[in-house]
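**Student:** Heads up: the sequence shown begins at 4 in my numbering, then just goes up one per residue.
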Amino acid sequence: MCAAPGSLWSGSGGEMRLTVLASGSKGNAALVETPKTRFLIDAGLNCKSLVQRLNSIGVDEHSIDAILLSHEHSDHVCGAGVFSRRFRVPVYATQLTGECTVNSVGDFHQFVPLHNSTSFSLGDAGVEVFSVSHDAADPVGFRISSLQNRHLCYVTDTGIYTSLIKQYAIGCHTLVMESNHDEIMLMEGKYPWPLKQRVRSRTGHASNREASAFLQEVWWDGMQNVILSHLSAENNIPALAYHESKRALESMEASNTQLYGTRQHMVGSTIAV
Numbered sequence: 004m005c006a007a008p009g010s011l012w013s014g015s016g017g018e019m020r021l022t023v024l025a026s027g028s029k030g031n032a033a034l035v036e037t038p039k040t041r042f043l044i045d046a047g048l049n050c051k052s053l054v055q056r057l058n059s060i061g062v063d064e065h066s067i068d069a070i071l072l073s074h075e076h077s078d079h080v081c082g083a084g085v086f087s088r089r090f091r092v093p094v095y096a097t098q099l100t101g102e103c104t105v106n107s108v109g110d111f112h113q114f115v116p117l118h119n120s121t122s123f124s125l126g127d128a129g130v131e132v133f134s135v136s137h138d139a140a141d142p143v144g145f146r147i148s149s150l151q152n153r154h155l156c157y158v159t160d161t162g163i164y165t166s167l168i169k170q171y172a173i174g175c176h177t178l179v180m181e182s183n184h185d186e187i188m189l190m191e192g193k194y195p196w197p198l199k200q201r202v203r204s205r206t207g208h209a210s211n212r213e214a215s216a217f218l219q220e221v222w223w224d225g226m227q228n229v230i231l232s233h234l235s236a237e238n239n240i241p242a243l244a245y246h247e248s249k250r251a252l253e254s255m256e257a258s259n260t261q262l263y264g265t266r267q268h269m270v271g272s273t274i275a276v
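Put into structure tokens, the structure is as follows:
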């Protein structure tokens, strides 16, 4: 399962890179590239927007080998059906996530069911699947590995950072983690009380403080990049999220770890994992 010859970047060995195409409550998608494989993690923008954002970084939509879905909420899957059918791209997800997603976006070109706590090969990348804590049918995170043992941990939409998530994050060179809200902004904001309770629950969304604490538990001196994802437009400010995790890194004297934010309406930097 590889893109057309000559269509990928000319990395060496088992290099890998990541570009967050969109992140937030209105749509989430990220591109992972290795020398022989390109795939999306989530497709929460409509097909036209996904194509535009891929093209903006020089990526042909026909070169995408797969879509991995973390869970079935619309801000992670709304473009998956059309993109899969139009460009004949297989979709990988747990059985429950796949069934729920098909109900909302239509059939896929091909569906490949995944199981928690398992691993598989996707071209020249290795993928491990693990459970996260969110109010979806069967939500998961991913640990992606290159041929040269560079590791990316991708966790978004989790109410708590469980010991299982920590297990998969430890030893990763790049960490994408949810830093959804500032707790004071959420509680003093305009959300109705039931929605505030949902966000703060164990199956809701992790706060800036919780992300910072998680980072302190899993950081190691080989962690080169930390990417804060799924920031709430209503209950967070990028500077607040950045400050919390930056303070955690400074407490560990992690001067060689780069900290990045993500945006809803802007493609992020392409990062070498």
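Note that the Cβ used here is the ideal one computed from N, Cα and C, for glycine as well.
#1: On the DSSP letters alone, give me the boundaries of the alpha helix (DSSP H) that Ser77 sits inside.
#2: Cα-Cα, which of His184, Gly109, Met190, Gly264 is closest to Ala236?
#3: Along the chain, which unbroken stretches of the beta strand (DSSP E) at least 3 residues long are found entirely within the stretch 154-191?
#4: Under the assumption that Val270 contacts Leu24 (Cβ atoms under 8 Å), give the Cβ distance between them as a whole number of angstroms.
#5: So, under 8 Å CB-CB, Met143 and Thr97 are touching, yes? Tell me the CB distance rounded to an integer number of Å.
#6: Unbroken alpha helix (DSSP H) runs of length 4 or more, entirely within the stretch 79-146: which are they?
#7: So His211 is in the alpha helix (DSSP H); what residue range does that whole segment cover?
#8: What residues are listed by DSSP as bridge partners for Gln261?
#9: According to DSSP, simplified to helix, strand and coil, what is Ser148?
#10: Let me know the secondary structure DSSP gives Ala244 once reduced to three states.
#11: Pairing CB atoms from the stretch 166-180 with CB atoms from the stretch 151-158, are three or more of them under 8 Å?
#12: Would you please state the rounded distance, in angstroms, between the beta carbons of Ser26 and His233? I believe it to be under 8 Å.
#13: How about Phe90 and Ile67: do their beta carbons lie closer than 8 Å?
#14: Across which residues does DSSP place Arg20 in a beta bridge pair?
#15: Identify which residue in Ser148, His79, Ser254 has its Cα closest to the Cα of Phe123.
#16: Mark Thr37 as exposed unless 16 or more other C-beta atoms lie within 10 angstroms of its C-beta, in which case mark it buried.
#17: Give the straight-line distance between the Cα atoms of Ser13 and Val158, rounded to the nearest whole angstrom.
#18: When the distance is taken between beta carbons, is Tyr164 closer than 8 Å to Arg146?
**Tutor:** With the given structure in hand:
#1: 77-80
#2: His184
#3: 154-157, 177-181
#4: 6 Å
#5: Checking the sequence, you will find Val at residue 143 rather than Met. Yes, they are in contact, since the Cβ atoms of Val143 and Thr97 sit about 6 Å apart, within 8 Å.
#6: 83-90, 98-108
#7: Reading the sequence as shown, one finds Asn at residue 211 and not His. That run of the alpha helix (DSSP H) goes 211-221.
#8: Asn228
#9: strand
#10: helix
#11: yes
#12: 6 Å
#13: yes
#14: Glu36, Ala275
#15: Ser148
#16: buried
#17: At Ser13, the pLDDT of 42 sits below 50, so the modelled position is not reliable; the number obtained from the coordinates is stated separately. Roughly 27 Å between the two C-alpha positions.
#18: no
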